[in-house]
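First comes the structure, then the notes that go with it.
Number of protein chains: 2
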Amino acid sequence: MAIFKRQLHKNVKKSRVLSMNIGLVSEISGLPAKTIRYYEDIALVKPARSQNGYRNYSQSEADTLIFVKRARGLGFTIDECRSLLSLYQDKNRASADVKKFALLKVRQIETRIKELNKLSATLNHLAQNCHGDNRPDCPILNELSGDKSADE
Amino acid sequence: MAIFKRQLHKNVKKSRVLSMNIGLVSEISGLPAKTIRYYEDIALVKPARSQNGYRNYSQSEADTLIFVKRARGLGFTIDECRSLLSLYQDKNRASADVKKFALLKVRQIETRIKELNKLSATLNHLAQNCHGDNRPDCPILNELSGDKSADE
DNA sequence: CTTAACCTTCCAGCAACTGAAAGAGCTATC
DNA sequence: GATAGCTCTTTCAGTTGCTGGAAGGTTAAG
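Chain order of the listed sequences is A and B.
When we follow my numbering, the leftmost residue of the first sequence carries the number 23, and every step to the right adds one.
When we follow my numbering, the leftmost residue of the second sequence carries the number 23, and every step to the right adds one.
This is the structure we're talking about:
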C-alpha cells in the first residue's frame with residue numbers, strides 16, 4: 023500500500039484506484055478542493071473518511087463530481103444538478119424528463135440572451151452618440167440622469 | 023401627484039425644501055425601501071435624518087437613486103455605478119471616460135452573450151438527439167457523464 | 001383611543017463559492 | 001530522527017446585491 027501513496031498524485035490518473043484524496047480528485051475533476059468541500063457541505067457528494075480524517079473519494083464519487091462540473095458548465099444550478107444526478111442514477115428514468123429539463127434551460131438561456139442583447143444595443147447606441155472628448159456634456163450620463171432631451 | 027399629498031402638506035409648512043421619507047423615494051424611484059436602506063449601508067446615498075430618526079431624502083439624493091436604478095438596469099455593478107456617479111458629479115469630467123466605460127461594458131456583455139449562445143447550442147443539440155421516450159438511454163446524461171460515444 | 005400604515009434596527013439567508021487562519025499529517029531528504 | 005515543505009483538516013468570514021422577517025417606535029385617521 024505504501025508504494026502507491028505518492029504515485030497516486032504523480033502517475034495514476036485514470037486507473038481504478040480504490041480511493042482518492044481531495045487533491046487528486048480536484049486534479050482529475052478540475053474542481054478546486056474548496057469547491058469539493060463545499061459540495062460535501064451541501065450534501066452533494068459525501069465521501070468516506072480515512073483514519074486520519076482525510077476525505078476518501080471512490081471512483082464513482084469522482085465521476086459524480088465530474089458530472090457536476092460539466093452540468094454547472096452548461097449553466098445548470100446546483101439544484102438542477104441534483105435533479106440531473108437523480109435522473110442519471112435512476113435506472114428507470116425517462117429520457118423524456120431530461121429532454122424537457124434541457125429544453126426548459128435552453129429557453130431560459132435564450133431569454134437571458136435577449137435581455138443582454140437589448141442592454142448591449144442600448145449602451146452601444148448611447149456610446150455612439152457620445153462625442154468622447156473633454157466637453158462636459160455626455161449622452162450616457164444624461165440618459166442615466168433622466169434628461170430626456172439627451173437622446174434622439 | 024396624489025403621492026405627494028401627504029408629504030407636501032407636511033413639509034411645505036416647515037420648509038421650502040422638499041424632503042422625502044423612504045416610502046416616497048421608493049415609490050418615485052421604483053427601488054424597494056429595503057434596497058434603498060441597503061444603499062445607505064454601502065454608503066451610496068446617505069440621507070439626513072429627521073428628529074424621529076426617519077430618513078430624509080433631498081431631491082438630489084432621490085435623483086441619485088434614480089440614476090443608480092437606471093445604471094443597474096443597464097447591467098452596471100454597484101461599483102461601476104459609484105464610478106459613473108463620480109463622473110456624473112464631476113463638473114470637469116471627460117465624456118471620453120464615460121464612453122470608454124460604456125464600451126468596455128458592451129464588450130463584456132457581448133462576451134457573456136457568446137458564452138450563453140454556445141451553451142444554448144450545446145444543450146439544444148443534445149436535446150435534439152435525445153429520443154425523449156422512456157428508454158433509459160439519454161444522450162444528455164451520457165454527455166454529462168463523459169461518455170464520448172454518446173454524441174456523434 | 002385604537003388601528004393601520006408608516007418607519008426603525010438587527011438578524012438571517014439566498015447562490016455558489018473563495019480566502020485566510022491555525023493546526024495536524026505526511027513524505028523526502030539530510 | 002529532525003526538519004522543510006507539502007497536503008490535509010476545520011472554522012470563520014467575505015463576496016454580490018439584495019430580500020425577508022421579527023420586534024418595536026411614530027404618525028395619521030376615524
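Think of the CB as a built atom: it goes at the ideal place given N, C-alpha and C, for glycine as much as any other residue.
Quick caveat: nothing in here was measured; it's all calculated off a predicted structure.
Flag this pair as yes or no: are the beta carbons of L145(B) and A124(A) separated by less than 7 angstroms? Here residue 145(B) refers to the residue found at position 123 when the second sequence is read from its first residue. Here residue 124(A) refers to the residue found at position 102 when the first sequence is read from its first residue. Yes; because the gap between Cβ atoms is below 7 angstroms, this pair is in contact.
Which same chain residues end up closer than 6 angstroms to E62(B) when comparing Cβ atoms and leaving out the 5 residues on each side of it in sequence? Walking along the second sequence from the start, residue 62(B) turns up at place 40. Answer for E62(B): K68, listed in chain order.
Measure the Cβ-Cβ separation of A93(A) and L166(B) and say whether it is below 7 angstroms. For the purposes of this step, residue 93(A) is identified with residue 71 of the first sequence, where counting begins at 1. For the purposes of this step, residue 166(B) is identified with residue 144 of the second sequence, where counting begins at 1. Against a cut-off of 7 angstroms, the Cβ pair of L166(B) and A93(A) comes out as a contact.
Who are the Cβ neighbours of S51(A) in its own chain at under 6 angstroms, not counting the five residues just before and after it? What you label residue 51(A) is simply residue 29 of the first sequence in a count that begins at 1. These residues qualify, in order along the chain: L87, I88 and K91.
Sequence-distant residues of its chain with Cβ nearer than 7 angstroms to C160(B) (five each side left out): Within the second sequence, the letter at position 138 stands for residue 160(B). Around C160(B): C152.
Going straight from the alpha carbon of V47(B) to that of Y76(B), what length do you get? The residue given as residue 47(B) occupies position 25 in the second sequence. The residue given as residue 76(B) occupies position 54 in the second sequence. Roughly 13 angstroms separates the two Cα atoms.
Verify whether the separation of the beta carbon atoms of I44(A) and L138(B) is less than 7 angstroms. In the first sequence, the residue the question calls residue 44(A) occupies position 22. In the second sequence, the residue the question calls residue 138(B) occupies position 116. No; because the gap between Cβ atoms is not below 7 angstroms, this pair is not in contact.
Rounded C-alpha distance that separates N78(A) from A70(A): For this step, residue 78(A) is matched to residue 56 along the first sequence. For this step, residue 70(A) is matched to residue 48 along the first sequence. Each residue's Cα considered, the two are about 5 angstroms apart.
What is the rounded straight-line gap between the Cα of L53(A) and the Cα of S142(A)? Start at 1 with the first residue of the first sequence, and residue 53(A) comes out as number 31. Start at 1 with the first residue of the first sequence, and residue 142(A) comes out as number 120. Going by the C-alpha atoms only, they are around 32 angstroms apart.
Of all Cβ atoms in chain A, is any one closer than 7 angstroms to the Cβ of C103(B)? Within the second sequence, the letter at position 81 stands for residue 103(B). Output row for C103(B): interface = no.
Cα-Cα, which of K140(A), L126(A), N164(A) and Q150(A) is closest to A149(B)? Locating residue 149(B) in the second sequence gives position 127, where the first residue counts as 1. Taking A149(B) as reference, the option from K140(A), L126(A), N164(A) and Q150(A) with the minimal CA-CA separation is L126(A).
With V120(A) as the anchor, note down where its alpha helix (DSSP H) starts and where it stops. The residue you call residue 120(A) lines up with position 98 of the first sequence. Start and end: S117 to Q150.
Contact list for the region 133-163 of chain B against chain A, Cβ threshold 7 angstroms: R134, I135, L138, N139, L141, S142, T144, L145, N146, L148, A149, C152, H153, G154, D155, N156, R157, P158, D159, C160, I162 and L163
V120(B) versus K121(A) - alpha carbon distance: In the second sequence, the residue the question calls residue 120(B) occupies position 98. In the first sequence, the residue the question calls residue 121(A) occupies position 99. If I take the Cα positions, the gap works out to 45 angstroms.
Quick one: grab the DSSP three-state call for A70(A). The count along the first sequence starts at 1 and reaches residue 70(A) at position 48. DSSP places A70(A) in strand when its eight states are reduced to three.
Any beta-carbon of chain A closer than 7 angstroms to the one on S82(B)? Your numbering for residue 82(B) matches position 60 in the second sequence. No, S82(B) lies away from the interface with chain A (no Cβ there is under 7 angstroms from its Cβ).
For S108(B) and G154(A), the rounded distance between their alpha carbons: Here residue 154(A) refers to the residue found at position 132 of the first sequence. Here residue 108(B) refers to the residue found at position 86 of the second sequence. Roughly 17 angstroms between the two C-alpha positions.
Once DSSP output is grouped into helix, strand and coil, what is the label at N156(B)? The residue labelled residue 156(B) in the question sits at position 134 within the second sequence. Three-state DSSP puts N156(B) in coil, outside helix and strand.
S105(B) versus T99(B) - alpha carbon distance: For the purposes of this step, residue 105(B) is taken as residue 83 along the second sequence, with counting starting at 1. For the purposes of this step, residue 99(B) is taken as residue 77 along the second sequence, with counting starting at 1. Distance between the alpha carbons of S105(B) and T99(B) is about 10 angstroms.
Mark Y110(B) as exposed unless 16 or more other C-beta atoms lie within 10 angstroms of its C-beta, in which case mark it buried. Within the second sequence, residue 110(B) is the residue found at index 88, counting from 1. By the neighbour-count definition (other C-beta atoms within 10 Å, threshold 16), Y110(B) is a buried residue.
Alpha carbon to alpha carbon, how far is L193(A) from T57(A)? Within the shown structure, residues of chain A are numbered from 23 to 174, placing residue 193(A) beyond reach of any answer.
DSSP puts N43(B) in a beta bridge; with which residues? Within the second sequence, residue 43(B) is the residue found at index 21, counting from 1. According to DSSP, N43(B) bridges with nothing at all.
Chain-order list of residues whose beta-carbon lies under 8 angstroms from that of E102(A) (same chain, five-residue window excluded): Here residue 102(A) corresponds to residue number 80 of the first sequence, with the count starting at 1. Correct list, in chain order: A93, F123 and K127.
For P161(B), the first and last residue of its enclosing alpha helix (DSSP H): Position 139 of the second sequence holds residue 161(B). Taken as a continuous stretch (DSSP letters only), the alpha helix (DSSP H) holding P161(B) covers P161 to L166.
Minimum Cβ-Cβ distance from M42(B) to chain A less than 7 angstroms: For the purposes of this step, residue 42(B) is identified with residue 20 of the second sequence, where counting begins at 1. Chain A, which has no Cβ nearer than 7 angstroms to the Cβ of M42(B), makes this no.
Roughly how many whole angstroms lie between the Cα atoms of K136(A) and L66(B)? What you label residue 136(A) is simply residue 114 of the first sequence in a count that begins at 1. What you label residue 66(B) is simply residue 44 of the second sequence in a count that begins at 1. If you take the alpha carbons of K136(A) and L66(B), they lie about 30 angstroms apart.
Please report how far the alpha carbon of S82(A) lies from the alpha carbon of S41(A), in whole angstroms. By one-based count along the first sequence, residue 82(A) stands at place 60. By one-based count along the first sequence, residue 41(A) stands at place 19. Their backbone Cα atoms lie some 10 angstroms apart in a straight line.
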